[in-house]
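Quick note: the sequence shown, position 173, residue 173 per full-length UniProt numbering, numbers continuous. Glycine is no exception: its CB is placed at the ideal position from the N, C-alpha and C atoms. Data block below; observations after.
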Amino acid sequence: MEMLNLEESKTSANFNSAPKNRISPDSHIEILLDVKLDSGTATGHIYLQHLPAKLSTIAATNLSHTCAKTIQCMLSDPFQSIESIDLLTKRDLEQLRGWEPQFPERVDACVHDLVLRHVISTPNAPAICSWDGQLTYDELEKATSILACYLIDHGVGPEVLVPICFEKSVYAILTMLAILRVGGAFFPLDPSQPRERHEAIMKKANAKMVISSPQTEHKFSGIAIKNISVSEGLMATLHVSLKDRLPIKVKTYSTAFVLFTSGSTGEPKGIVQEHGSVCTASHFHGKAFGWNTKSRVFQYAAYTFDVSIMDIFTTLMFGGCVCSPSEDDRQNNIVGIMNTMQVNWVLFTPSLANLISPEDVRCLEIMALGGEAVTQENINRWSSDVALYNCYGCAEASPTAFIQLHSNNRGSNLGKPFGQALYWLVDPKDHNRIVLIGAVGELLVEGPTLARGYIGDMDKTKAAFIKDPKWPSELIGTRARRFYKTGDLVRYTSDGSLDWVGRKDFQVKVRGQRVELSEVEYNISAYPNVALAMATSPKIGAFAKSLVAIIQIDTSLEPTSAKNVLSSVSNDRLSAAGFNIADLDQFLRNKLPNYMVPSHWFAVEKVPLSVSGKIDRKSVEHWLSQLYRDSANPIHAKGLSNGHTNGSANGETNGTTNGTTNGHKNGQNGTSLSKENIVAFKLSRKLASLIYHTDSPAKSKLIDHDITLARIGLDSIQVISLLMFVKQEFAVKLHISVLLHPKATIRSVTQHIEDLRTVGVSQSIEKSVDLRTEFQMYKRQMDTNRWGRDPSVQNVFLTGGTGFLGSEMLHQLCARKDIKKIMVHVRAKNLKDGLQRIRKAAMQAGCWSDSYLEKIEVWPGDLGKRRLGLNSDQWDCLTGKSDICRQVHGIIHCGAKVHWNCDFSSLKAANVDSTWILLNVVNETPSILKFVFISGGYNGPSLAEKYLYMDDDHINDILPTEYAKTKFISQRLVQEYSQTSIQNSSRVFVVKPSYTIGTPKLGIANTSYFIWRLVASCIEIGSFNEADADSWLFISDVGNVAKIVLDCCDTKQSASSDPYIGMSEGIPVREFWSVLERNFGYKIKPLRQDEWLDAIYADIDSKHESHPLWPLIHNLEKEQGKLGMHIDEIPQDVKLSTPSRI
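See below:
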């Protein structure tokens, strides 16, 4: 009990006069003020009682002092307003002075100098361990020196601001350091963000040039005057003398980098950080988190996120190693790549941290959590296995506070500053007033780590970075002071640490990324027919933690009344008004990063306004918090894909699915799950817990019912969580496409799990690609040019050069004297890796010679990417825009993504779009004389013309896999193009091999092919399928196929009358088995089809994954083990022939 003596104006403990009332320990009352006035005197006593479990003694003492001062002020001036009373007490001032350390000393150094000092102390220590290259500190210094001199020649120098755009790569880090070494500054651009945002940011920074990777350089065509592409290829060509060029004297107050974040006026704002402030921040938080020369830090955050700067530069300043994963590993293989790279330090968002387990990453020693509120689940999961920290900071002031978390900590506690900054809490409405201890205030940060301000925006800088507020002289002193207003609402605890409360403005974090709601609203409002727009991220309710937009359409719909406030507008009425949410969604995606596009949309008759005419945000947020997903009515947009996912927290692949989220109403199929189906029951309950964080009627309706997953708004975090649950609960690895399929339900997913648990594979969810529609879509865009032709093919562009057939074609091309260069497109990290892949494949096929290196030019790329993943120089060669001697004359398109279990959409980019891209190149490029497409996917004769008149169902029956369907469409596109003119019919060819085997001379086979997998299986059980014995097996040796392809490229050969060349060579199936028995001694007898299939399946069941047919079991089932085609099924115009040797 605390007693306030008003006469003495101080707190004293007077137990002679006990209060009449006392708080019962089981009372719901936490604080009790008992006032006792002394009769006949002007004095009195106030007794303050509290429950220690609810309010600590220190906090209660602070409160008693505050009460005393408040009452004294009221008595001294009864006419003053309560709001005008300064509640800060002397006790508060004394505590604040005790908590705040001395003003931190600035580290007066440059970033690159602190990094490269380790060249002297530990030159051979690892500096960067990246998926595409590894560097020691000595190698890092040499590489950045060479690149720095190259950049000087291209105009980069002191205070020159350069945008950089890279995916995860060692060359991104090299570029950053090289720019800093010449006195320049960089600002990262996210490759995934739209062109309009890149253009707006570059305009804001007045940037004229850009440095990018080969994969991203195309994004800046027409935006930047100069584009430098940094890659292994460029670095290999640089040999620059460093004499008198480095080092360049860089001032510590020079700009190091600029980070662009969401802005409140609808435009991005650029935060300018100087060398000295970055070095100071790295020095303090590096020491606080225990970085040293043995630290191996996982560089997960996107380069546009301030955490990435800490990952990279703080690690290098302390002599550690930056571990940089590929984008694919970063998204799909976090655990695996962390173990491979032996990561021992990581900073994750709390959401991401919950997706992995400590036992999966035993190498990890320290984990910092940031970007979102830490949950108790995070603490329970990690605190006993690693040193776990809650890290707080902002891009304008760098990470500034932390606390090590133990099992008894609260996730809301941010800890204390770790030396580089001072914290102050002020009235959120008036920064000239310090708030009392325990009260909620806006956090101000002071210290040498503060940013210079916002580039090109003095008004925003003055509003956010304030100087010399009017504080008590005991705190402010006499020196000049500068503070950053964070906008974060926090409160001091009794030990001087900070508790997070929320935000004072409209800035929120969505999946760890900072989002200015005003910027989202500004861009929504720019869309036609939107009268009012509000964006929010609710803290509670069915839509908690997601980005939600509420829009009021133009009043041209019809007049509204007060009764219509927040009542939903139906889809029919929206359509009648010509309003399309899918168009609005795409409109935003062209202007904003994906994480800033709302995941849920509500069109209402009227958005409520306050008396001041502003949107009544509290009313709208309360309305949202009361909605259940089954009773809500978000806008349904026909054609709006549920597959769109919002962007990432610090660049991670987290986000929310756009589209319909009408949960129970549309997601529930109306049927209950059987109680006997344990798997479905567990899935249903897990799904309900992911969607609804608290118990609600909607959650109870969701449980134990069959649900269409795509209709309930699962975000990518929830999808991965569900995958993890399936793996842990049922001990099976479910493919993510099963959950993402638009028709996936609880029952269908359960069936996949049951299949995986019983036979080890699951049937594909029904696919319904309309092949004719796909084909006609490309055909409509087809145009043809007719060019004069040069006489011969000398330079050939070859895709698929590492395949079995590709290696043989490369061998024959290199042997031909008329062929000067072969540009081999290969999926590889870099030139070295690409050449290794080509050489390895050719050696395995028995057709490699080092003399081929004179003709081979490696072109790393990706068939599934824009421009096939080629850099600008390579693309210019392909499209005839380079020097004549480097132009491509012939294209052999043999490459494809061969995956028997992928769906059509997963294969389409690499297998169909790549063909379409190359046909366009052929059409637009006079220098290309020949184009040959190698078809595949179905081992039958020339039935392509017949396919064109079949209905889709029939085609789907004939084509056994989605891979076959992609090859079919590509084949038809090439045939269609060849028929557009007489010239094209002799210029463009389709070669359709049958089963391809090794040459008779070498006898080397590709044992991964279906035919040899089936042969090995038949040899194992000693029998073959008798029902197939009298069929014709279409089979050709790889050397003959390659020769036919190359003949198509030869302009001296007489033109074929038919641009489609089907391989009809073969042998009766019975004779094929006789050859194996006669020449190799295998005992293989015929068995009835049902007996043979039973034997094959029994063999598969006994060997599982080690069985050669395991990955192609669906082919076996569809074809019933048949290799050939019955003679009666073969069209009469197909001339069958048998090769002289097999």
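For residue i, list the residues DSSP reports as bridge partners.
i: PHE989; result: VAL932
i: HIS50; result: ILE31
i: PRO608; result: According to DSSP, which records beta bridges pairwise, PRO608 is partnered with nothing at all.
i: PHE186; result: VAL162, PHE257
i: TYR454; result: ILE271
i: VAL826; result: PRO860
i: CYS129; result: GLN134, CYS323
For the alpha helix (DSSP H) holding residue i, just list the boundary residues, first then last.
i: SER229; result: That residue, SER229, is in no alpha helix (DSSP H); its beta strand (DSSP E) goes 226-229.
i: ASN920; result: 914-924
i: VAL272; result: Here VAL272 belongs to no alpha helix (DSSP H); instead the beta strand (DSSP E) covers 269-274.
i: PHE968; result: 962-978
i: residue 1153; result: Since the first residue shown for the chain is 1 and the last is 1142, residue 1153 is missing from the structure and cannot be characterised.
i: VAL888; result: Unbroken run through VAL888: none, as it is neither H nor E.
i: TYR171; result: 170-181
i: VAL749; result: 746-758
i: SER619; result: 617-626
Under 8 Å between the Cβ atoms of residue i and residue j?
i: LEU1046; j: MET724; result: no
i: LEU517; j: GLN507; result: yes
i: ILE403; j: GLN95; result: no
i: ALA421; j: TYR389; result: no
i: VAL119; j: GLU141; result: yes
i: VAL990; j: PHE1034; result: no
i: ILE707; j: ILE753; result: no
i: PHE313; j: TRP291; result: no
i: THR980; j: SER1036; result: no
i: residue 1144; j: HIS705; result: Residue 1144 cannot be examined here, being either before or after the span of the chain that is shown, 1 to 1142.
i: TYR595; j: VAL510; result: yes
i: HIS275; j: SER295; result: no
i: HIS889; j: LEU919; result: no
i: LEU93; j: THR70; result: no
i: THR925; j: GLY880; result: yes
i: PRO158; j: ARG589; result: no
i: ALA577; j: ILE553; result: yes
i: residue 1143; j: PHE260; result: Here the chain comprises residues numbered 1 to 1142, so residue 1143 is not present and cannot be evaluated.
Go ahead and pull the three-state DSSP assignment for residue i.
i: VAL119; result: helix
i: ASP1037; result: strand
i: ALA1029; result: coil
i: TYR595; result: helix
i: TRP706; result: For the record, residue 706 in the displayed sequence is Asp; it is not Trp. Strand at ASP706.
i: TYR137; result: helix
i: TYR949; result: Summary for TYR949: the model assigns pLDDT 39, below 50, so the residue's position carries little reliability; its value from the coordinates is reported in the next sentence. In the structure shown, TYR949 sits in coil (DSSP, three-state: anything other than H, G, I, E or B).
i: ALA731; result: coil
i: ALA109; result: coil
i: ILE1004; result: coil
i: TRP848; result: coil
i: SER768; result: In this prediction, SER768 has a pLDDT of 47, which is less than 50 and means its spatial position is unreliable; nothing more can be read from the coordinates.
i: HIS45; result: strand
i: LYS855; result: coil
i: VAL1015; result: helix
i: LYS36; result: strand
i: ILE892; result: strand
Could you give the first and the last residue of the continuous beta strand (DSSP E) run that contains residue i?
i: ASN795; result: 795-799
i: GLY441; result: 440-446
i: ILE85; result: Premise fails: ILE85 is in no beta strand (DSSP E) and is neither H nor E.
Strictly under 8 Å for the Cβ-Cβ distance: is residue i near chain C by that measure?
i: LEU55; result: The question asks about chain C, but that chain is absent: this structure has only one protein chain.
query: Where in the region 292-350 do unbroken runs of the beta strand (DSSP E), each at least 3 residues long, occur, reported from the N-terminal end onward?
result: 296-298, 321-324, 345-348
message: Give the list of continuous beta strand (DSSP E) stretches no shorter than 3 residues that lie fully inside the region 465-552.
response: 465-467, 482-492, 498-503, 507-510, 513-516, 530-536
message: So within the region 351-436, which uninterrupted beta strand (DSSP E) runs reach at least 3 residues, ignoring any that extend past its ends?
response: 366-369, 387-394, 398-404, 413-417, 422-427, 430-434
query: Whole beta strand (DSSP E) runs in the region 1055-1135 with 3 or more residues, listed along the chain?
result: 1060-1062, 1066-1068, 1085-1087
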